[in-house]
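Numbering (the numbering used here), first residue to last: 35 to 204.
Below is one structure, written out as structure tokens; comments come after it.
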């Protein structure tokens with residue numbers, strides 16, 4: 035019988051909207067939510083994602099310090115491995131949406147994404163995510179909060195490979 039993993043990979047990324055969710059400027063982003071979320075859910079290694087009032091997390095609040103009059107979008111999910119998350123993030127359809135992010139979101143000057151290991155079956159909270167982003171901003175990548183470019187292994191795990199693909203700045 036296969037041994038169940040002791041840890042799973044939590045990730046959060048935040049973005050500050052350029053306009054309200056119901057504005058024409060953000061319409062393409064809103065239209066992409068359902069298909070991109072479905073793609074995540076069907077991707078190898080996907081375990082869970084944060085949802086709010088609907089089937090997405092646009093109604094979830096948090097990271098108040100990060101928004102200047104506009105809303106903050108919070109995306110949080112749990113994956114089986116760093117590699118599987120990287121495959122999804124830098125895969126074709128998701129990457130195509132990421133390339134348009136400057137149309138919809140303000141450029142963030144500080145860390146806006148963080149990864150960390152959680153005990154298998156535990157689902158992170160927005161408060162957990164806020165803490166991990168704050169740790170990353172204060173200390174850079176550490177085993178407590180890291181990035182795809184500088185990953186750390188799960189406690190007691192084998193080292194993970196750095197995800198070297200990058201999304202073009204824009």
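Glycine residues also receive a C-beta, built at the ideal position from the N, C-alpha and C atoms.
Candidates the options: closest to residue i by CA position
i	options	result
residue 42	112, 53 and 91	112
residue 219	149, 165, 110 and 106	There is simply no residue 219 to check, as the chain begins at 35 and stops at 204 in what is shown.
residue 149	50, 96, 120 and 128	120
residue 159	53, 57 and 86	86
residue 82	128, 53 and 109	109
residue 181	77, 93, 167 and 191	167
residue 88	76, 154, 71 and 134	71
residue 75	114, 143 and 153	114
residue 169	155, 144, 191 and 190	144
For residue j and residue i, the rounded distance between their alpha carbons
i	j	result
residue 139	residue 60	9 Å
residue 117	residue 79	9 Å
residue 97	residue 132	21 Å
residue 53	residue 137	10 Å
residue 123	residue 129	6 Å
residue 49	residue 146	7 Å
residue 47	residue 164	10 Å
residue 39	residue 157	15 Å
residue 57	residue 134	16 Å
residue 153	residue 84	17 Å
residue 51	residue 63	10 Å
residue 171	residue 44	17 Å
residue 161	residue 126	31 Å
residue 183	residue 190	20 Å
residue 155	residue 186	20 Å
residue 77	residue 90	17 Å
Beta-ladder partner(s) of residue i, from DSSP
i	result
residue 111	45 and 83
residue 149	45 and 180
residue 50	106
residue 139	51
Nearest-angstrom beta carbon gap, residue j and residue i [assumed within contact, 8 Å]
i	j	result
residue 188	residue 151	5 Å
residue 19	residue 55	Not covered by the structure: residue 19. The range shown for the chain is 35 to 204.
Exercise. Are at least three pairs of beta-carbons, each pair with one atom in the region 170-179 and one in the region 66-78, less than 8 Å apart?
Worked result: Counting Cβ pairs under 8 Å, fewer than three are found: no touch.
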